[in-house]
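Report on one structure; see the data block that follows.
In the numbering used here, the protein residues as written are 482 to 554.
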């Protein structure tokens, strides 16, 4: 069992962009949060299966650090 942090970014037009900080090759999208989660799970599974088959190292999870920054102009 592998566990990865996933970032769901709301899109202005609707839906969610999805990134996996530990696996930058993964970028996907879902029209709903549930669909975005399913897309992320599928993308991670495909990536891991491919890496295991190719005997490539499996990346360790990296938790994102999200901070608000105040900017004055």
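Using N, Cα and C, we set each Cβ at its ideal position, and we do this for glycine too.
- Boundaries of the beta strand (DSSP E) harbouring residue 500: 497-500, taken from the DSSP string.
- Between residue 486 and residue 544, the C-beta gap is smaller than 7 Å, which places the two residues in contact.
- Inter-segment contact for the stretch 519-537 and the stretch 499-511 is present: three or more beta-carbon pairs are separated by less than 8 Å.
- With fewer than 16 other Cβ atoms inside 10 Å of its own Cβ, residue 493 counts as exposed.
- Scanning its chain for C-beta atoms nearer than 8 Å, with the 5 sequence neighbours on each side dropped, one finds around residue 538 the residues 532, in chain order.
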